[in-house]
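Colleague:
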Amino acid sequence: MDEKFKKFKLAVAQFGQEQLLDAYNMLEKTQDKEEFLKESLTIDYNQVKTLYEESKKTQGSTEAKIEPINYIDKSKMTKEEYAEYESIGVQEIKAGKLAVVTMAGGQGTRLGHSGPKGTFDLGLESHKSIFEILTDTLKEEREKYGIDIPWYIMTSEENNAESEKFFKENNYFGYPAKSIKFFKQGKLPMLSKQGKILIDEKGHIKQAADGHGGVFHSLLKGGMIEDMKKKNIEWIFVGGVDNVLVKPVDPILIGLSIKKKVLIAGKSIVKANPQEKVGVFCKRNGRPSVIEYSEIKPEMAEELDQNGELKYGESHILCNLFNIKAIEKISNEYLPYHIAVKKAKYTDGSGNVVMPEEPNAYKFEAFLFDAFENIDDMIVMRVKREDEFAPVKNATGTDSPETARELYKEFHLKIK
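When the letters of the sequence shown are read in order and numbered with this note's numbering, they come out as residues 16 to 431.
1) My guess is that R157 and I168 are in contact by the Cβ rule of under 8 Å, so how many angstroms apart are they, rounded?
2) With burial defined as no fewer than 16 other Cβ atoms inside 10 Å of the residue's Cβ, what is the status of T411: buried or exposed?
3) What is the residue span of the beta strand (DSSP E) that F379 lies within?
4) May I ask you to verify whether the region 80-91 touches the region 205-218, counting CB pairs closer than 8 Å and requiring at least 3?
5) With burial defined as no fewer than 16 other Cβ atoms inside 10 Å of the residue's Cβ, what is the status of E329: buried or exposed?
6) Between G75 and I148, what straight-line distance do the alpha-carbon atoms span, to the nearest angstrom?
7) Go to K274, then tell me how far its alpha helix (DSSP H) extends in each direction, as first and last residue.
8) How about P416 and I332: do their beta carbons lie closer than 9 Å?
9) What's the gap between the Cα of V261 and the Cα of Y308?
10) Are the CB atoms of V277 and D392 nearer to each other than 9 Å?
11) Does DSSP put Y352 in a helix, in a strand, or in coil?
12) Only counting the same chain, and skipping five residues up and downstream in sequence, which positions put a Cβ closer than 6 Å to that of G31?
13) Which same chain residues end up closer than 7 Å to M315 when comparing Cβ atoms and leaving out the 5 residues on each side of it in sequence?
14) Under 9 Å, do M396 and S304 count as touching if we go by C-beta distance?
15) I'd like the span of the alpha helix (DSSP H) that includes I345, first residue to last.
16) Which same chain residues end up closer than 8 Å to Y339 when comparing Cβ atoms and leaving out the 5 residues on each side of it in sequence?
17) So, helix, strand or coil for L42, using DSSP?
18) Let's see if you can read the secondary structure: which residues bound the beta strand (DSSP E) around Y28?
19) At what residue ranges does the region 278-328 contain a whole run of the alpha helix (DSSP H), taking only runs of 4 or more?
20) Going by other Cβ atoms of all chains shown within 10 Å of its Cβ, with 16 needed for buried, is E421 buried or exposed?
21) H142 by DSSP, collapsed to three states: which one?
22) Roughly how many angstroms separate the alpha carbons of Y349 and D225, rounded to a whole number?
23) Among residues of its own chain, excluding the 5 on either side of D88, which ones have a beta-carbon nearer than 7 Å to its beta-carbon?
24) Got a sec? Which residues, its chain only, sit under 7 Å from V27 by beta carbon, not counting five neighbours each side?
25) Please go through the region 172-214 and give each complete alpha helix (DSSP H) segment of 4 or more residues, from N-terminal end onward.
26) Can you grab the Cα-Cα spacing for the pair K154 / N85, in whole Å?
27) Quick one: residues in its chain with C-beta nearer than 8 Å to the C-beta of S194, no 5 flanking neighbours on either side, listed in chain order?
28) Quickly, what does DSSP pair D88 with across the bridge? List them, please.
29) Using 8 Å for Cβ pairs, my map puts K275 next to I394. What's the rounded Cβ distance?
30) How big is the Cα-Cα spacing for C297 and V116?
31) In angstroms, rounded to a whole number, what distance separates the CA positions of N409 and E184?
32) Can you tell which of V256, F231 and S55 has the C-alpha that lies nearest to the C-alpha of S178?
33) Taking the alpha carbon of A223 as the reference point, which residue from F182, A359, T134 and G123 has its own alpha carbon closest?
34) According to DSSP, is S330 helix, strand or coil?
35) May I ask you to list the residues that DSSP assigns as paired with M169?
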């Protein structure tokens with residue numbers, strides 16, 4: 016422990032984070048001190064310094080050139096096109112070239128659920144959890160293509176043990192355990208407005224998940240990319256846990272990507288209305304990107320194209336396909352971090368827990384779609400909302416268990 020303590024003391028002194036030493040000294044149990052040291056030595060203090068310096072800069076000061084992006088409507092493909100893309104995609108799937116990544120690091124707190132969001136009971140007669148619903152989808156594809164598709168599930172430090180336990184207790188819902196691997200999402204310290212790393216109410220370093228854009232670095236750090244390469248995986252579908260109609264195994268999207276020679280593809284749905292609060296695909300300074308609803312001016316949101324459709328109407332639904340080459344490239348580079356100012360409970364230098372009345376802390380998140388700007392072009396394929404998008408985000412109202420449940424039921428009645 017002496018050597019670790021020396022490294023810790025040197026690092027906090029070098030980067031002006033001496034409050035961590037005070038927090039360490041306030042801990043009484045040897046085990047707590049060991050855990051604190053272990054956690055503190057995983058922090059990239061130079062990165063923390065850079066993030067704080069970035070927080071001082073004016074956000075969004077650079078005016079970007081935003082343009083509509085081209086898309087391909089899956090429902091309007093000719094029979095010949097559909098058949099060609101499907102044939103190419105099916106060949107890749109049957110050859111074992113596809114893997115699925117599900118980002119499941121969040122808790123179901125907003126749904127009134129105390130465990131990982133994936134363990135949430137959607138309220139069907141079967142009482143299936145979201146995890147079981149997603150597993151059912153992969154089992155159907157397994158029957159169709161005669162292959163076990165590798166499934167990589169990104170959890171978090173907070174919910175990893177419970178997620179793994181849930182799968183084990185339910186015998187992996189009938190999917191081969193050897194085809195499922197768990198890895199953890201990265202975290203970043205939360206900083207005070209003075210750039211000091213905060214301490215939480217339990218005396219630990221206060222950290223928050225690094226956003227869905229952190230999935231690439233987490234895949235690398237967790238050894239998942241190396242595992243994919245050993246399995247000769249070429250294509251990786253990356254999606255969120257909360258879409259119960261997600262279609263991760265899509266031969267059309269794979270075939271289209273191969274035919275058009277792109278390394279990244281994304282699915283879109285048409286915005287329900289110009290004011291819908293969703294990010295939309297676009298071109299930013301000539302490169303593929305996503306513009307957040309908060310960035311779109313009202314006149315831009317309502318602008319129509321020559322066909323009478325919204326110019327910026329292709330919603331990004333976090334359903335993306337990446338070639339392994341793109342995953343490797345992105346994972347070795349840090350995506351830009353977006354800064355949010357939050358109200359965060361913390362422990363002060365006297366050991367008192369403080370609940371601030373105003374936002375007091377910086378939280379840093381990377382967004383997956385920022386990776387699109389690392390490439391020259393990508394495919395956007397429009398799909399039908401009722402076929403592929405039933406998110407569970409809010410306790411009531413839009414995108415709630417109630418709306419997702421109804422969409423799920425309607426879809427499965429339709430395909431019977």
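Glycine included, C-beta positions come from ideal geometry on N, C-alpha and C. The structure displayed is predicted, hence computed values, not measured ones.
Modeller: This is what the structure gives:
1) Going by Cβ atoms, the distance from R157 to I168 rounds to 16 Å, so no, they are not a contact pair.
2) Around the beta-carbon of T411, fewer than 16 other beta-carbon atoms lie within 10 Å, marking it exposed.
3) Where F379 is concerned, the enclosing beta strand (DSSP E) stretches over A376 to A381.
4) These segments do not touch.
5) Buried, because 16 or more other Cβ atoms sit within 10 Å of the Cβ of E329.
6) Confidence at G75 is low in this model, with a pLDDT of 48, below 50, so its placement is unreliable and the value that follows should be read with caution. Using only the alpha carbons, I get a separation of about 40 Å.
7) P266 to K275 is the span of the alpha helix (DSSP H), which, as asked, contains K274.
8) Not closer than 9 Å, so no.
9) So the alpha carbons of these two residues sit roughly 22 Å apart.
10) When the beta-carbon positions are compared, V277 and D392 come within less than 9 Å of each other.
11) Strand, per DSSP.
12) Apart from sequence neighbours up to five positions away, no residue of its chain approaches G31 with a beta-carbon distance below 6 Å.
13) Closer than 7 Å at the Cβ level, and outside the excluded window around M315, lie Y327.
14) Against a cut-off of 9 Å, the Cβ pair of S304 and M396 comes out as no contact.
15) In the DSSP annotation of this structure, the continuous segment of the alpha helix (DSSP H) that includes I345 starts and ends at I339 to S346.
16) As written in the sequence, residue 339 is Ile, which differs from the Tyr given in the question. Excluding sequence neighbours, I339 sits near I240, M243, K244, I248, E249, W250 and I251.
17) It is coil, neither helix nor strand.
18) Residue identity check: residue 28 is Ala in the sequence provided, not Tyr. First-last for A28: D17 to Q29, but that is the alpha helix (DSSP H), not the beta strand (DSSP E).
19) The qualifying runs are 313-317.
20) Using a 10 angstroms sphere on the CB of E421, the tally of other CB atoms stays under 16, which defines it as exposed.
21) In the structure shown, H142 sits in coil (DSSP, three-state: anything other than H, G, I, E or B).
22) Computed Cα separation, rounded: 11 Å.
23) For D88, where only same-chain residues beyond five positions count, the Cβ hits under 7 Å are R397.
24) Within the same chain, V27 has close Cβ partners E33, L35 and L36.
25) As for any alpha helix (DSSP H) of minimum length 4 sitting wholly inside the region 172-214, the runs are 175-184, ordered along the chain.
26) K154 and N85: Cα-Cα distance of roughly 33 Å.
27) Cβ-Cβ distances below 8 Å link S194 to D163, I164, P165 and W166 in the same chain, with the five nearest sequence neighbours on each side left out; the list follows chain order.
28) According to DSSP, D88 bridges with R397.
29) Right, their Cβ atoms sit about 6 Å apart.
30) Per the coordinates, the alpha-carbon of C297 lies some 24 Å from the alpha-carbon of V116.
31) Straight across, the Cα-Cα distance linking N409 with E184 is about 27 Å.
32) Among V256, F231 and S55, the Cα nearest to that of S178 belongs to V256.
33) Closest by alpha carbon: A359.
34) Three-state DSSP puts S330 in a strand.
35) BP columns for M169 point to M118 and F198.
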